[in-house]
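Q: For reference, each letter of the sequence shown is one residue, going 0 to 317 in numbering that gives the first Met the number 0. Glycine included, each C-beta is placed from N, C-alpha and C at the ideal position. Please read these numbers as outputs of a predicted model, since none were measured by experiment.
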Amino acid sequence: MRPLHLAVLVALSVIWGSAFMLVKVVLEEVPPLTLVAGRLFGAFLFLSLTLLLGGRWLPRRREAWLAFLALGLVNNVWPFTLLTWSQQHIESSLAAILTSSMTLSTAVLSHFWIKERLTIDRALGILVGFAGVFVLIGADLRDITESSTLGQLAVVGGVLGYAFGTVFARRYLQGADPTETAAGQTLVGAAVMVPVALAVDRPFDLVISAKIALAWATLGILASAVAYLLFFRLIRDITATQASMVSYLIPVTAVFLGALVLDERLGANSFVGLGLIIVGVGVVNGGGRWAVERFRGERRAVEGGPVGGAGGGGSRER
Numbered sequence: 000m001r002p003l004h005l006a007v008l009v010a011l012s013v014i015w016g017s018a019f020m021l022v023k024v025v026l027e028e029v030p031p032l033t034l035v036a037g038r039l040f041g042a043f044l045f046l047s048l049t050l051l052l053g054g055r056w057l058p059r060r061r062e063a064w065l066a067f068l069a070l071g072l073v074n075n076v077w078p079f080t081l082l083t084w085s086q087q088h089i090e091s092s093l094a095a096i097l098t099s100s101m102t103l104s105t106a107v108l109s110h111f112w113i114k115e116r117l118t119i120d121r122a123l124g125i126l127v128g129f130a131g132v133f134v135l136i137g138a139d140l141r142d143i144t145e146s147s148t149l150g151q152l153a154v155v156g157g158v159l160g161y162a163f164g165t166v167f168a169r170r171y172l173q174g175a176d177p178t179e180t181a182a183g184q185t186l187v188g189a190a191v192m193v194p195v196a197l198a199v200d201r202p203f204d205l206v207i208s209a210k211i212a213l214a215w216a217t218l219g220i221l222a223s224a225v226a227y228l229l230f231f232r233l234i235r236d237i238t239a240t241q242a243s244m245v246s247y248l249i250p251v252t253a254v255f256l257g258a259l260v261l262d263e264r265l266g267a268n269s270f271v272g273l274g275l276i277i278v279g280v281g282v283v284n285g286g287g288r289w290a291v292e293r294f295r296g297e298r299r300a301v302e303g304g305p306v307g308g309a310g311g312g313g314s315r316e317r
């Protein structure tokens, strides 16, 4: 992964990490389905304006619209709805920590769908990461009817949507224009969620403050439109599993903003669970192989053998 790719991942982690706090703020005055509908509609307006200013519009190809339909449902409607609903019942920072398990789900799906090979060390990393998820929600599973338990399970379900969307984009949208892809999926998402929100939430008398309106607009423009432009550019250049690494950088921003803005406080199990997830994700993305190779290289150096194989790189270059 190049430094530019890493910089984009960090930028995305800050944008999407702040989105958890913004969702929590907007939920103070806006019902969840309406929040999702407005977020997607705002994102589509911004992206469509971007296309028009560039003298372009959405493609007419049937294949493109099938891809937009799939992404709009699994990458927008599914996860946005579940994650937004969940934050009525759990802290925004806890939702972000659970979202960090996305890389683990993506690694499993990538193995079967796009042949990104699941090695033994990556499988071990997945087990460690999911152990972290269990540490986070395991105690609450004793009473699955509790709202906090349902909220945590909703996040896990939403994460699966993001994982499917990431692998789908990597498999079928190589070379696709990022702006068209982002605009197409948000159009589909808005087309689904606006009538659903009107029918279920019936927000006809909704009155919101300027603070909520600003947070809501930021969710649509920055955390949806701009973020997806960056993400779809990134997914063209790196693997699906590498792109999903953003999910374990997100909690850093989310936990900080949750404590600073929302005065959220997490228990020790949250940080233990996050630690296990980060270790698991690190192993999934090659950290385990790096450690083994380094150990073998140092061992050969002590024994007087060649270090680093034919390349002569040695442990010094690692």
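1) Any contact between the region 102-119 and the region 145-163? By contact I mean 3 or more CB pairs, one from each, below 8 Å.
2) Excluding sequence positions up to five away, which residues of its chain have a Cβ less than 6 Å from the Cβ of VAL35?
3) Please say whether VAL155 and VAL132 have beta carbons closer to each other than 9 Å?
4) Looking only at C-alpha atoms, which of THR33, GLY41, PHE19 sits nearest to THR185?
5) With DSSP run on the structure shown, which of helix, strand or coil describes PRO58?
6) Is the CB-CB distance between TRP15 and ALA267 below 9 Å?
7) Using DSSP with H/G/I as helix, E/B as strand and the rest coil, what is THR188?
8) Taking the alpha helix (DSSP H) that THR238 belongs to, which residues open and close that run?
9) Run through DSSP, which three-state label would PRO250 get?
10) Among residues of its own chain, excluding the 5 on either side of ILE211, which ones have a beta-carbon nearer than 8 Å to its beta-carbon?
11) Rounded to whole angstroms, what is the Cα-Cα separation between ALA153 and SER99?
12) Among the residues of its own chain, which have a CB less than 7 Å from the CB of VAL13, if the five just before and after it don't count?
13) State the start and end residues of the unbroken alpha helix (DSSP H) segment that holds THR80.
14) Does GLY266 come out as helix, strand or coil in the three-state DSSP assignment?
15) Just how far apart, CA to CA, sit TRP289 and PHE67?
16) Under the three-state reduction of DSSP, which class applies to LYS210: helix, strand or coil?
17) Any chance the region 222-238 sits against the region 55-63, with 3 or more Cβ pairs inside 8 Å?
18) What number of angstroms, rounded off, separates the C-alpha of SER246 from the C-alpha of LEU197?
19) Assuming LEU322 contacts GLU90 (C-beta within less than 8 Å), just tell me the rounded distance between them.
20) Assuming LYS114 is part of the alpha helix (DSSP H), what are its boundary residues?
21) Mapping the DSSP letters down to three states, classify ALA42 as helix, strand or coil.
22) If you check the beta carbons only, do ASP200 and LEU32 fall under 9 Å apart?
23) Considering just the uninterrupted stretch of the alpha helix (DSSP H) at GLY164, what are its terminal residues?
24) Evaluate LEU3 with the Cβ neighbour count: other Cβ atoms within 10 Å of its Cβ, from every protein chain shown; 16 or more gives buried, anything less gives exposed.
25) Alpha carbon to alpha carbon, how far is LYS114 from ARG170? Give it in angstroms, no decimals.
26) From ASP262 to LEU256, what distance separates their C-alpha atoms?
27) By Cβ distance, which residues of its chain are closer than 6 Å to PRO202, with the 5 residues on each side in sequence left out?
28) In whole angstroms, what is the alpha-carbon distance linking ARG315 and GLY281?
29) CB-CB under 6 Å to ALA10, same chain, minus the five flanking residues each way: which ones, in chain order?
30) Quick one: grab the DSSP three-state call for PHE203.
31) Report the three-state DSSP secondary structure of ILE14 (helix, strand or coil).
A: On the basis of the supplied data:
1) Short answer: they touch.
2) Sequence index remark: in the sequence shown, residue 35 carries index 36 (1-based). Only PHE79, THR80, THR83, MET192 meet the Cβ criterion.
3) On the sequence shown, position 133 is the one that residue 132 refers to. On the sequence shown, position 156 is the one that residue 155 refers to. The Cβ-Cβ distance between VAL132 and VAL155 falls below 9 Å.
4) Here residue 185 refers to the residue found at position 186 of the sequence shown. Minimum Cα distance to THR185 is reached at GLY41.
5) Here residue 58 refers to the residue found at position 59 when the sequence shown is read from its first residue. In the structure shown, PRO58 adopts coil according to DSSP, grouped into three states.
6) Position 16 of the sequence shown, counted from the start, is the residue given in the question as residue 15. Position 268 of the sequence shown, counted from the start, is the residue given in the question as residue 267. Result no, Cβ atoms of TRP15 and ALA267 do not sit closer than 9 Å.
7) Position 189 of the sequence shown holds residue 188. The sequence as given places Gly at residue 188; Thr does not occur at that position. Of the three classes helix, strand and coil, the one that applies to GLY188 here is helix, per DSSP.
8) Here the question's residue 238 lines up with position 239 in the sequence shown. Careful: THR238 lies outside any alpha helix (DSSP H) and carries neither H nor E.
9) Translated into positions along the sequence shown, residue 250 becomes position 251. Correct three-state label for PRO250: helix.
10) Indexing the sequence shown from 1 puts residue 211 at position 212. Within the same chain, Cβ atoms closer than 8 Å to the Cβ of ILE211 are found at VAL24, VAL25, GLU27, GLU28, VAL29, the five residues on either side in sequence being excluded.
11) If you number the sequence shown from 1, residue 153 lands on position 154. If you number the sequence shown from 1, residue 99 lands on position 100. Roughly 14 Å separates the two Cα atoms.
12) For the purposes of this step, residue 13 is taken as residue 14 along the sequence shown, with counting starting at 1. These residues qualify, in order along the chain: THR252.
13) Counted from its first residue, the sequence shown places residue 80 at position 81. DSSP places THR80 in the uninterrupted alpha helix (DSSP H) bounded by 77-85.
14) Counting from one through the sequence shown, the residue named residue 266 turns up at place 267. It is coil, neither helix nor strand.
15) Residue 289 sits at position 290 when you count from the first residue of the sequence shown. Residue 67 sits at position 68 when you count from the first residue of the sequence shown. Note on TRP289: pLDDT 47, under 50, position unreliable in the model; the coordinate value appears next. The straight-line gap separating the alpha-carbon atoms of TRP289 and PHE67 is approximately 38 Å.
16) Counting from 1 along the sequence shown, the entry for residue 210 is found at position 211. Three-state result, LYS210: helix.
17) No, the region 222-238 does not touch the region 55-63.
18) Start at 1 with the first residue of the sequence shown, and residue 246 comes out as number 247. Start at 1 with the first residue of the sequence shown, and residue 197 comes out as number 198. Each residue's alpha carbon lies about 31 Å from the other.
19) Nothing can be reported for residue 322, as the shown portion of the chain is limited to 0 through 317.
20) Here residue 114 refers to the residue found at position 115 when the sequence shown is read from its first residue. That residue, LYS114, is in no alpha helix (DSSP H); it is neither H nor E in DSSP.
21) The count along the sequence shown starts at 1 and reaches residue 42 at position 43. If DSSP states are grouped into helix, strand and coil, ALA42 belongs with the helices.
22) Indexing the sequence shown from 1 puts residue 200 at position 201. Indexing the sequence shown from 1 puts residue 32 at position 33. Yes, Cβ-Cβ distance for ASP200 and LEU32 is below 9 Å.
23) Residue numbering aside, residue 164 sits at position 165 when the sequence shown is read from its first letter. That run of the alpha helix (DSSP H) goes 146-171.
24) Start at 1 with the first residue of the sequence shown, and residue 3 comes out as number 4. Burial state of LEU3 is exposed, judged by a 10 Å Cβ sphere holding fewer than 16 other Cβ atoms.
25) By 1-based counting over the sequence shown, the position of residue 170 is 171. By 1-based counting over the sequence shown, the position of residue 114 is 115. Rounded to the nearest angstrom, the two C-alpha atoms are 10 Å apart.
26) Here residue 262 corresponds to residue number 263 of the sequence shown, with the count starting at 1. Here residue 256 corresponds to residue number 257 of the sequence shown, with the count starting at 1. ASP262 and LEU256 have their C-alpha atoms roughly 9 Å apart.
27) Residue numbering aside, residue 202 sits at position 203 when the sequence shown is read from its first letter. Cβ-Cβ distances below 6 Å link PRO202 to THR33 in the same chain, with the five nearest sequence neighbours on each side left out; the list follows chain order.
28) On the sequence shown, position 316 is the one that residue 315 refers to. On the sequence shown, position 282 is the one that residue 281 refers to. Model confidence at ARG315 stands at a pLDDT of 39, short of 50, so the residue's coordinates are unreliable; what they give is reported in the following sentence. One C-alpha to the other measures close to 21 Å.
29) Taking the first residue of the sequence shown as position 1, residue 10 is located at position 11. Cβ within range, chain order: n/a, list empty.
30) By 1-based counting over the sequence shown, the position of residue 203 is 204. Residue state, collapsed to three classes: coil.
31) Along the sequence shown, read from residue 1 onward, the residue named residue 14 stands at position 15. The answer is helix: DSSP assigns ILE14 an H, G or I state.
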